[in-house]
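A.B. asks: One structure follows; several queries about it will come next.
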Amino acid sequence: MKLHYRDLGQGTPFVILHGLFGLSDNWQTLAKYWSQNYHVYLVDLRNHGRSPHSTDFNYDLMVEDLAEFLTEHQLENPVIMGHSMGGKVAMNFALKHPEKLSKLIVADIAPRPYPVHHQDIIDGLNAIDISTMTSRTEAEAALAPYIPEAETRLFLLKNLYRREDNSFGWRMNLATIEKNIEEVGRETTSDTPFTKPTLFIKGEKSRYIQDKDMPSIQRLFPQAKLETVANAGHWVHAEAPEKFYQLVVDFIK
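Take 1 as the starting number for the sequence shown in full-length UniProt numbering and just add one per residue.
Written as structure tokens, this is what we have:
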């Protein structure tokens, strides 16, 4: 699958993968700073952003999409970073294609399986009738009973766009994501570890990476180190951008 992307800067290739319901735009602010020293690629994963929609959606396919992307753009030994679902893609990619990257960064996700926990978001998005909607304000009002946090609503509604006829559409393939939502939490496994430098970054307030996850992290990624960002939650890169930026730069160096 030919993935949509944005790229900035020059130098060592640095590929960034967004999380579930996200898109490449989410990373533009930090990418502008990293692009001063690296060639940053912001990729839309399948069924997200401006990348193609498909009825198929799982980590095996997203790993092969990424392999195809690196080949297409002749990216040798990039640093690959992913947040949440994108972190799962990055982990799976590193374990399957260790020769295709130099370093791995995983933001606030562990290899373990996660139960489905996005039903409120899916219900809220389905409550938005984009066929009759005339403004983003209407969409936010429909979403609010399901998602009380204004920042989360803003994040989700970045997926809305105006078609040429001025009607609204979704960038993401909501139907396929909902149908395959159990795939998002699938455990990351491998008989062979990824032995290159790896950085896990977690938000202090997040429960996505816990002490119980360290044995599996160290087994699959024996060179991994974990950094915790104080006073940040799951959206660690958005809640503490300066600290997150510096951790990534120090690690890549």
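Ideal Cβ placement from N, Cα and C applies to all residues, glycine included.
Everything numeric in this text was worked out from a predicted model, so none of it was measured.
Among GLN28, THR12, SER102, GLU178, which residue has its Cα nearest to the Cα of HIS18?
C.D. replies: The shortest Cα separation from HIS18 among GLN28, THR12, SER102, GLU178 belongs to GLN28.
A.B. asks: When the Cα atoms are used, what is the spatial distance from TYR161 to HIS234?
C.D. replies: Near 26 Å, if we compare the C-alpha coordinates of HIS234 and TYR161.
A.B. asks: Could you tell me the distance, in whole angstroms, from the CA atom of LEU143 to the CA atom of LEU75?
C.D. replies: The straight-line gap from Cα to Cα measures roughly 40 Å.
A.B. asks: Quick check: ASP44 and HIS73, are their CB atoms within less than 8 Å of each other?
C.D. replies: For ASP44 and HIS73, no; Cβs fall outside 8 Å.
A.B. asks: Assuming LEU95 contacts PHE194 under a Cβ cut-off of 8 Å, what Cβ separation, rounded to an integer in Å, is found between them?
C.D. replies: With a Cβ gap of about 5 Å, LEU95 and PHE194 count as contacting.
A.B. asks: CB ARG153 to CB GLU140, shorter than 8 Å?
C.D. replies: Yes.
A.B. asks: Express the C-alpha separation of THR228 and ASP211 in angstroms, rounding to a whole number.
C.D. replies: Those two C-alpha atoms are separated by around 12 Å.
A.B. asks: What's the C-alpha gap between residue 329 and PRO197?
C.D. replies: Any question about residue 329 goes unanswered here, given that the chain covers just 1 to 253.
A.B. asks: What are the uninterrupted segments assigned as beta strand (DSSP E) that are 3 or more residues long and contained completely in the region 136-199, given in chain order?
C.D. replies: The region 136-199 contains these whole beta strand (DSSP E) runs: 160-162, 168-170.
A.B. asks: Could you spell out where the alpha helix (DSSP H) holding PRO13 opens and where it closes?
C.D. replies: Note, PRO13: premise wrong, no alpha helix (DSSP H); beta strand (DSSP E) at 12-17.
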